[in-house]
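Asker: Pasting in a structure now, in structure tokens, and then I'll have a few things to ask.
Numbering (my numbering), first residue to last: 169 to 232.
As structure tokens, then:
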């Protein structure tokens with residue numbers, strides 16, 4: 169029982185090598201990918217904002 173627990177704890181506990189790696193600036197999105205992600209977030213935010221505004225506008229018209 170304790171043998172399997174020991175193996176589990178060793179696998180879930182990161183070693184010193186995990187944190188000792190040098191920073192790799194090439195990892196992650198390319199600048200083109202970052203721009204695309206940024207534009208998607210902006211467009212999605214505007215869509216949600218306009219949808220909420222339109223819904224509230226229609227609700228105010230129905231209450232009058």
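A virtual CB, placed ideally from N, CA and C, is assigned to each residue, including glycine.
If contacts are defined as beta-carbon pairs under 8 Å, then residue 207 and residue 197 qualify, I think. What distance do you get, rounded to the angstrom?
Answerer: Rounded, the Cβ-Cβ distance is 13 Å, inconsistent with contact.
Asker: What is the DSSP secondary structure of residue 197, counted as helix, strand or coil?
Answerer: Coil, per DSSP.
Asker: Given residue 226, which residues of its chain have a CB within under 7 Å of its CB, disregarding the five upstream and five downstream residues?
Answerer: Nothing meets the Cβ criterion.
Asker: Give the straight-line distance between the Cα atoms of residue 220 and residue 211, rounded to the nearest whole angstrom.
Answerer: Spanning the two alpha carbons is a distance of roughly 14 Å.
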